[in-house]
Amino acid sequence: MNAKPHPQTIFECKISSQPGALERVMRVVRVRGFQVEDLRLQRLPDGYEAQLTVSGSRPPETLLRQLQKLLDVKGLKALNQPTQTSTPELACA
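With this note's numbering applied, the sequence shown covers 781 to 873.
1) Report the rounded CA-to-CA distance for residue 858 versus residue 798, giving the unit in angstroms.
2) List the DSSP bridge partners of residue 830.
3) Helix, strand or coil: how does DSSP classify residue 799 here?
4) Considering just the uninterrupted stretch of the beta strand (DSSP E) at residue 856, what are its terminal residues?
5) In chain order, what residues of the same chain have a beta carbon less than 7 Å from the beta carbon of residue 802, not counting five sequence neighbours either side?
6) Determine the closest residue to residue 833 out of 800, 804 and 860, with distance taken between C-alpha atoms.
7) Counting only the same chain and skipping the five closest in sequence on each side, list residues whose C-beta sits under 7 Å from that of residue 812.
8) For residue 854, does the count of other Cβ atoms within 10 angstroms reach 16, so buried, or fall short, so exposed?
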């Protein structure tokens, strides 16, 4: 049985500058069954700001919850989630 694909979701993510931080974020995306469609990365004094466009057959909330658990993720929000009235957001620490 094939799962219905979800539309692309764009996440804005602030990531620490710790070695391997970006790799850990990408690993969570892959392990949770999502594919990176676009990645825009900007270096900040204290880390990175990434705009990550992903697609997959699982609900984007699944990925959002898993990324929020990473210590390297300092801020996270979904920019386009049409199924929700409010956007889940993790405030910057």
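Just so it is clear, CB atoms sit at the ideal spot from N, CA and C, and this is done for glycine as well.
The structure says:
1) Roughly 23 Å between the two C-alpha positions.
2) DSSP, once it has assigned bridges, lists 793 and 821 as partnering residue 830.
3) Residue state, collapsed to three classes: coil.
4) Membership of residue 856 in the beta strand (DSSP E) is indicated by the continuous run 853-858.
5) In its chain, beyond the 5 residues on either side, 795 and 828 have a beta carbon closer than 7 Å to the beta carbon of residue 802.
6) Considering only 800, 804 and 860, the residue with the shortest C-alpha distance to residue 833 is 860.
7) Apart from the 5 residues on each side of it in sequence, residue 812 sits with its Cβ closer than 7 Å to the Cβ of 838, 842, 843 and 846 in its chain, given in chain order.
8) Residue 854 comes out buried.
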